[in-house]
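Taking it in order: structure first as structure tokens, then the write-up.
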């Protein structure tokens, strides 16, 4: 019986072990199945997504490539003549475009131009009155025969100076400009001439010791004059000449010095101005351009008043303001402005000046009357003085 029991135990043990091995293998297979199923589901999901995306892209691409349908409306007709441009239309359009462009360019250039163009601009930017407007091509008055209408512009200048200087004691003036070639020397000579015609005993002093010009207007030797008086013991009557024109006297510049500003800025120069102020009704001093050298500023500080000559449409407004500042910085007083070289024929705002000059100019003067061309008279001795009533240089010394 024991052996039978042992045999039965052994058989049951083997059965148990076989069952355990089979069960273990089955569990392992179940785990592999679950993992494989999950991987399958995931792959299937990815595949479905990619297929859907591809199908959508195909639909979009097919929509963009929708074929264009062309329908025949009519057969092209033969015009019979070759096509030609519409010349009239093109000319009109071209002219209109050119006109608009030209006007725009003109306004643009005018905007870029900062020079003085009108009386209002002068008075606005410089805060000084315009004493006179001088037209273009006005020559030297004492070289013209008869009384030219151009002289009326300088008579207006003479009158405005008289009313703006306030007092007769302020009778010494210098004429300045910002740059060269603006006509200050010609303005001075013509102003002096009309003042002498009006009865003023007028003295012109050539204070431009860089490039003196006044002696060329009267064909006078320039070797003895202002610089000789300031640097030597010459008497005043030795350097002042009486011109061929009544009441008009002239002091040349003399030999040009190496230090012009130093000579002008001296006590003897101040004494000279004070002396001639007491001897003459009007003293006009020419000067170099005030923005170029210091001489003009020195002269502006020596005399009573300064007149600024501006050439129309030349210097920028900023430079003109600096001209006024250069005068005021040395204690000078700017009396006003002379607007020179104005084209009154093309500028409407100035045309009335020439019409007034012509209308009011004297007409009872013989146009063939000749102005004396005698050489300027040197100082004469008291014994040779003429008995004429005309003022001569001896009357001043």
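In the numbering used here, the protein residues as written are 8 to 404.
Think of the CB as a built atom: it goes at the ideal place given N, C-alpha and C, for glycine as much as any other residue.
Test item: CB-CB of residue i and residue j under 8 Å
{"i": "residue 260", "j": "residue 233", "result": "yes"}
{"i": "residue 138", "j": "residue 167", "result": "yes"}
{"i": "residue 328", "j": "residue 126", "result": "no"}
{"i": "residue 148", "j": "residue 178", "result": "no"}
{"i": "residue 330", "j": "residue 298", "result": "yes"}
{"i": "residue 268", "j": "residue 183", "result": "no"}
{"i": "residue 201", "j": "residue 150", "result": "no"}
{"i": "residue 293", "j": "residue 190", "result": "no"}
{"i": "residue 312", "j": "residue 284", "result": "no"}
{"i": "residue 254", "j": "residue 206", "result": "yes"}
{"i": "residue 235", "j": "residue 243", "result": "no"}
{"i": "residue 203", "j": "residue 252", "result": "yes"}
{"i": "residue 276", "j": "residue 322", "result": "no"}
{"i": "residue 349", "j": "residue 99", "result": "no"}
Limits of the alpha helix (DSSP H) - the one that residue i falls within
{"i": "residue 234", "result": "233 to 238"}
{"i": "residue 179", "result": "Unbroken run through residue 179 is the beta strand (DSSP E), 179 to 184; no alpha helix (DSSP H)."}
{"i": "residue 268", "result": "267 to 271"}
{"i": "residue 289", "result": "Run containing residue 289: none in the alpha helix (DSSP H); it sits in the beta strand (DSSP E), 289 to 293."}
{"i": "residue 283", "result": "274 to 286"}
{"i": "residue 330", "result": "324 to 336"}
{"i": "residue 197", "result": "191 to 204"}
{"i": "residue 128", "result": "126 to 133"}
Residue i to residue j span [Cα, whole Å]
{"i": "residue 309", "j": "residue 108", "result": "53 Å"}
{"i": "residue 295", "j": "residue 225", "result": "19 Å"}
{"i": "residue 346", "j": "residue 180", "result": "17 Å"}
{"i": "residue 54", "j": "residue 19", "result": "52 Å"}
{"i": "residue 334", "j": "residue 256", "result": "26 Å"}
{"i": "residue 270", "j": "residue 106", "result": "59 Å"}
{"i": "residue 301", "j": "residue 159", "result": "33 Å"}
{"i": "residue 52", "j": "residue 25", "result": "41 Å"}
{"i": "residue 211", "j": "residue 280", "result": "12 Å"}
{"i": "residue 43", "j": "residue 33", "result": "15 Å"}
{"i": "residue 45", "j": "residue 14", "result": "47 Å"}
{"i": "residue 222", "j": "residue 239", "result": "21 Å"}
{"i": "residue 58", "j": "residue 65", "result": "11 Å"}
{"i": "residue 50", "j": "residue 79", "result": "54 Å"}
{"i": "residue 264", "j": "residue 338", "result": "25 Å"}
{"i": "residue 170", "j": "residue 282", "result": "24 Å"}
{"i": "residue 162", "j": "residue 146", "result": "15 Å"}
{"i": "residue 63", "j": "residue 30", "result": "50 Å"}
{"i": "residue 461", "j": "residue 258", "result": "For the chain, the structure presents residues 8 to 404; residue 461 sits outside this window and is missing."}
{"i": "residue 3", "j": "residue 38", "result": "What is shown of the chain runs 8 to 404, which leaves residue 3 out entirely."}
{"i": "residue 278", "j": "residue 131", "result": "37 Å"}
{"i": "residue 96", "j": "residue 61", "result": "58 Å"}
{"i": "residue 246", "j": "residue 272", "result": "19 Å"}
{"i": "residue 110", "j": "residue 102", "result": "12 Å"}
{"i": "residue 336", "j": "residue 286", "result": "29 Å"}
{"i": "residue 266", "j": "residue 274", "result": "15 Å"}
Residue nearest to residue i in terms of C-alpha spacing, selected from the options
{"i": "residue 135", "options": "280, 296, 337, 316", "result": "316"}
{"i": "residue 199", "options": "235, 144, 282, 288", "result": "288"}
{"i": "residue 290", "options": "190, 208, 54", "result": "208"}
{"i": "residue 262", "options": "282, 249, 301, 220", "result": "220"}
{"i": "residue 248", "options": "349, 235, 227, 95", "result": "227"}
{"i": "residue 344", "options": "101, 31, 128", "result": "128"}
{"i": "residue 332", "options": "185, 210, 29", "result": "185"}
{"i": "residue 144", "options": "194, 130, 21", "result": "194"}
{"i": "residue 173", "options": "61, 349, 348, 342", "result": "342"}
{"i": "residue 187", "options": "350, 96, 217", "result": "217"}
Exposed unless 16 or more other CB atoms sit within 10 angstroms - verdict on residue i
{"i": "residue 319", "result": "buried"}
{"i": "residue 230", "result": "exposed"}
{"i": "residue 104", "result": "exposed"}
{"i": "residue 380", "result": "Caution applies to residue 380, whose pLDDT of 33 falls short of 50 and renders its modelled position unreliable; the value that the coordinates give is listed next. Flag for residue 380 reads exposed."}
{"i": "residue 112", "result": "exposed"}
{"i": "residue 7", "result": "For residue 7 there is no data in the structure shown, the boundaries of the chain being 8 and 404."}
{"i": "residue 11", "result": "exposed"}
{"i": "residue 22", "result": "exposed"}
{"i": "residue 47", "result": "exposed"}
{"i": "residue 314", "result": "buried"}
{"i": "residue 67", "result": "exposed"}
{"i": "residue 157", "result": "buried"}
Proximity test, Cβ basis, 8 Å: residue i and chain B
{"i": "residue 333", "result": "Among the chains of the structure shown, chain B does not appear; only one protein chain is present."}
Extent of the continuous beta strand (DSSP E) to which residue i belongs
{"i": "residue 405", "result": "There is simply no residue 405 to check, as the chain begins at 8 and stops at 404 in what is shown."}
{"i": "residue 224", "result": "Residue 224 -> not in any beta strand (DSSP E); alpha helix (DSSP H) instead, spanning 221 to 225."}
{"i": "residue 341", "result": "341 to 349"}
{"i": "residue 141", "result": "137 to 142"}
{"i": "residue 80", "result": "Residue 80 -> no beta strand (DSSP E), and no H or E assigned at all."}
{"i": "residue 2", "result": "Since the first and last residues shown for the chain are 8 and 404, residue 2 lies out of range."}
{"i": "residue 247", "result": "First-last for residue 247: undefined, no H or E at that position."}
{"i": "residue 318", "result": "312 to 318"}
{"i": "residue 255", "result": "255 to 258"}
Contact test: residue i Cβ vs the ligand NAP heavy atom, cutoff 7 Å
{"i": "residue 258", "result": "For the ligand NAP, the structure offers nothing, since it holds no ligand at all."}
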